[in-house]
Amino acid sequence: MTNVFPSRPGVGDALIIVDVQNDFLPGGALAVPEGDRVVAPLIQLAARFAELGLPVFATRDWHPQDHCSFAAQGGPWPPHCVAGTEGAAFAPGLRLPETAVVVSRATEAASDAYSGFQGTTLGVQLAQLGVKRVFVGGLATDYCVLNTVSDALAGGLEVVLLADAIRAVDVNPGDGDRALAAMLAAGALTGSATQAAAA
Numbered sequence: 001m002t003n004v005f006p007s008r009p010g011v012g013d014a015l016i017i018v019d020v021q022n023d024f025l026p027g028g029a030l031a032v033p034e035g036d037r038v039v040a041p042l043i044q045l046a047a048r049f050a051e052l053g054l055p056v057f058a059t060r061d062w063h064p065q066d067h068c069s070f071a072a073q074g075g076p077w078p079p080h081c082v083a084g085t086e087g088a089a090f091a092p093g094l095r096l097p098e099t100a101v102v103v104s105r106a107t108e109a110a111s112d113a114y115s116g117f118q119g120t121t122l123g124v125q126l127a128q129l130g131v132k133r134v135f136v137g138g139l140a141t142d143y144c145v146l147n148t149v150s151d152a153l154a155g156g157l158e159v160v161l162l163a164d165a166i167r168a169v170d171v172n173p174g175d176g177d178r179a180l181a182a183m184l185a186a187g188a189l190t191g192s193a194t195q196a197a198a199a
C-alpha cells in the first residue's frame, strides 16, 4: 500500500462514515465479509472528531421497497436497506456523536447512487463548513466507499482513506484490491482510524 499518510485530524477536516448499516454486516441481506470489523475504529475516530469539534457525516442507503437496484426490478442486488427497516439501521455499536449529520442516498425508486455525494447535499454542506479534507471509512470498499472517495477527489477535496476501517464485497475476487488501487492512483492517501483517533 502506498501514499501512507500519518493523519492527525484538525481544522478543515471532516469524517465521512459510509453505509455502516445492518444489511451490510455479517448476517445481513447484502453482507460484506468482516463488515462488522469497521465499527470499532470508526467509533473511536468519530468520538475524536466530536471532541475536537469537527464535523462527522454518516451516509446510508435508504431505499424504497421497489428500488431499481433490487433483483425484482432487474437490478444486481437482493433487497437491502429498505427505509425504516432494521436492515437499514446503523450498526448497533455505531454510536454516532449527537452532532453527526446523516446523509440518506438512493431514496427514489428509479435512481441508484453509490456515492454519498450523488443526489445529496453532502458536497454543499462540506463547502459551507470550509472542509478541505475528508477522512473516509465504511462499507463497501469496492462500491460506495470507492464512489464516495472518487467524487470527493473530483470535487477538489483531499481524502484520507481509513485502511483499517473499510471492507470489500469482492463480488469478483480482487474487486476490493482493485478499488483500493484506483483510489490511491486518483490521489487518495491512506491512514488509520485507530491512529488518527489517538493523534
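Residue 61 in UniProt numbering is what sits at position 61 of the sequence shown, and the numbering runs on without skipping anything. For every residue, glycine included, the Cβ atom is placed at its ideal position computed from N, Cα and C. In this text, all values refer to a predicted model and were calculated from it rather than measured experimentally.
Taking only the alpha-carbon atoms, compute the straight-line gap between C68 and G119 and give it to the nearest angstrom. Stepping through the sequence shown from its first residue, residue 68 is reached at position 68. Stepping through the sequence shown from its first residue, residue 119 is reached at position 119. Their backbone Cα atoms lie some 15 Å apart in a straight line.
Return the chain-ordered ranges of every beta strand (DSSP E) run that is complete within the stretch 22 to 75 and spans a minimum of 3 residues. 56 to 61
Does the beta-carbon of T99 have 16 or more other beta-carbons within 10 angstroms, so that it is buried, or is it exposed? Your numbering for residue 99 matches position 99 in the sequence shown. In summary, T99 is exposed, with fewer than 16 beta-carbon neighbours lying within 10 Å of its beta-carbon over all protein chains present.
Whole-angstrom distance between V169 and D36, CA atom to CA atom: Translated into positions along the sequence shown, residue 36 becomes position 36. Translated into positions along the sequence shown, residue 169 becomes position 169. C-alpha separation (whole angstroms): 13 Å.
Candidates L180, D23 and Q44, of which the one nearest D61 by Cα: Position 61 of the sequence shown, counted from the first residue, corresponds to residue 61. Selected option, being the one with the closest Cα: D23.
Rounded to a whole number of angstroms, what is the C-alpha to C-alpha distance between L157 and G74? Your numbering for residue 157 matches position 157 in the sequence shown. Your numbering for residue 74 matches position 74 in the sequence shown. Rounded to the nearest angstrom, the two C-alpha atoms are 35 Å apart.
If contacts are defined as beta-carbon pairs under 8 Å, then V136 and T121 qualify, I think. What distance do you get, rounded to the angstrom? Translated into positions along the sequence shown, residue 136 becomes position 136. Translated into positions along the sequence shown, residue 121 becomes position 121. Not a contact, Cβ separation roughly 17 Å.
Among P26, R48, M183 and L153, which residue has its Cα nearest to the Cα of R133? As a working note, residue 133 is residue 133 in the sequence shown. Of the candidates P26, R48, M183 and L153, the one whose C-alpha sits nearest the C-alpha of R133 is L153.
What number of angstroms, rounded off, separates the C-alpha of G28 from the C-alpha of V38? If you number the sequence shown from 1, residue 28 lands on position 28. If you number the sequence shown from 1, residue 38 lands on position 38. About 15 Å.
Need the endpoints of the beta strand (DSSP E) that V159 sits in, please. To locate residue 159, count along the sequence shown from 1; it is residue 159. Unbroken beta strand (DSSP E) run through V159: E158 to R167.
On the criterion of 16 or more Cβ atoms from any shown chain inside 10 Å, does V102 qualify as buried, or is it exposed? In the sequence shown, residue 102 corresponds to position 102, counting from 1. The residue in question, V102, is exposed, as its Cβ has fewer than 16 Cβ neighbours within 10 Å.
Taking Cβ positions, are A165 and L42 nearer each other than 8 Å? As a first step, residue 165 must be located in the sequence shown, where it is residue number 165. As a first step, residue 42 must be located in the sequence shown, where it is residue number 42. Cβ atoms of A165 and L42: closer than 8 Å.
Proximity of A106 and H63 at Cβ, strictly below 8 Å: Position 106 of the sequence shown holds residue 106. Position 63 of the sequence shown holds residue 63. Closer than 8 Å, so yes.
Using 10 angstroms around the beta-carbon of D19, count the other beta-carbons present and answer buried if the total reaches 16, otherwise exposed. Indexing the sequence shown from 1 puts residue 19 at position 19. D19 should be labelled buried.
Skipping 5 residues on each side, what residues in its chain have a beta carbon closer than 7 Å to that of A109? In the sequence shown, counting from the first residue as 1, residue 109 sits at position 109. P64, D66, H67 and C68, listed in sequence order.
Pull up the distance between the alpha-carbon of V56 and that of A50, whole angstroms please. For the purposes of this step, residue 56 is identified with residue 56 of the sequence shown, where counting begins at 1. For the purposes of this step, residue 50 is identified with residue 50 of the sequence shown, where counting begins at 1. Each residue's alpha carbon lies about 7 Å from the other.
Tell me the DSSP secondary structure of L180 in three-state form. Counting from 1 along the sequence shown, the entry for residue 180 is found at position 180. Note: L180 maps to helix in three-state DSSP.
Spatial neighbours of A163 in its chain, beta-carbon cut-off 6 Å, leaving aside the 5 residues before and after: Against the sequence shown, residue 163 aligns to sequence position 163. Excluding residues within five positions, the ones whose Cβ falls inside 6 Å are T190.
In terms of alpha-carbon separation, which member of A91, P33 and G130 lies closest to L54? To locate residue 54, count along the sequence shown from 1; it is residue 54. Of A91, P33 and G130, the residue nearest in Cα terms is G130.
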